[in-house]
Amino acid sequence: ALLLFPVASATFLLGPFSSSEWLARFAVPQPSLAAFVVAAVALCVGYAIRRSAQDSALIWALASAFLALDSRGSGPLTTLYLTAAALIVGLSVVEISHRLAYHDELTGLPGRRALEEALAAAGGRTTVAMVDVDHFKRFNDRYGHDAGDQVLKMVAARLSETGGGGQAFRYGGEEFTILFRGRGAEQALPHLERVRRAVAAQSFAIRAGGRPKMKPKRPAPSEKQARRAFVSVSIGVAEAASSQDILSALKRADRALYRAKDGGRNRVVLGS
């Protein structure tokens, strides 16, 4: 409708503000004004749903572009508004790039690059824990990648609740890392044990394959009792006495993780 009937669309969208006197105040033609209104409404709705900095930046950039078009000429105000819009969009792109580089989109946890910087900045006593989802490949093969993604999200949510000042990171694949700054291994172990128990107690409702797209009024008898699955994690822990020992602690935690898996999984093992 906006493309075929631009004037009528602008009148409909602007409602009481669509009088010729009110519209005459703007140098922007009615079709462009209607397009700006549609874009502004869409961005505001998106911001209300997602609350993202990108949507907010685009709203301000759109406002600056509108003021530039409405400034009636190519004077300093137009240049100022267009420069502001470009800066806002540019900063938004930088922020998006930073988030993609330092945060894992699936789990919402800081990613491996953020972990590397945290390890480099760690000073003094630090405890590192390597966490691995047990039999994750088997779970993926049996229930599918969508269920596997749900497992990773659940594990990440439980790890993000680690007490004792522990900070969780997505290391890669089904592996995670928890960093305890200023804490010894003995102080971190109770919190890691609680996380391990919380993950093991979490169950999943597994959706059966070949489900109809439309929900039936009466589910089949086989669907009334959904299959439920459980996962567990193995955790290897090591302590660094100083910042010079942090990379060694990461390797020792990784070796302790493999000992936990060799020892039967679903356990916390302290490395030497």
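Here my numbering is used: position 197 in the sequence shown is 199, and no number is missing along the way.
Backbone N, C-alpha and C define an ideal beta-carbon position, used for all residues, glycine too.
Keep in mind that this is a model prediction, so the values were computed, not measured.
Rounded C-alpha distance that separates residue i from residue j
i, j, result
"E107", "A243", "33 Å"
"K139", "C46", "41 Å"
"A103", "A159", "20 Å"
"A63", "V40", "15 Å"
"D151", "K263", "21 Å"
"D134", "E195", "14 Å"
"R172", "A42", "36 Å"
"L272", "R254", "9 Å"
"G265", "A258", "10 Å"
"A44", "A202", "42 Å"
"E225", "S250", "In this prediction, E225 scores a pLDDT of 47, lower than 50, which makes its location untrustworthy; the coordinate-derived value is nonetheless stated afterwards. C-alpha separation (whole angstroms): 51 Å."
"I61", "I180", "37 Å"
"P78", "G48", "32 Å"
"A231", "D143", "14 Å"
"R229", "L93", "47 Å"
"A88", "H147", "40 Å"
"L161", "L191", "13 Å"
DSSP state of residue i mapped onto helix, strand, coil
i, result
"V233", "coil"
"A170", "strand"
"L82", "helix"
"G238", "strand"
"R183", "strand"
"D134", "strand"
"L111", "coil"
Residue closest to residue i, alpha-carbon to alpha-carbon, out of the options
i, options, result
"S205", "V153, D256 and T164", "V153"
"R267", "R198, F178, L93 and G126", "R198"
"T164", "G174, F182 and E176", "F182"
"V157", "G146, E177 and G168", "E177"
>> Taking 8 Å as the cut-off, does the region 112–120 touch the region 235–249 (at least 3 CB pairs, one atom from each stretch)?
In response: no
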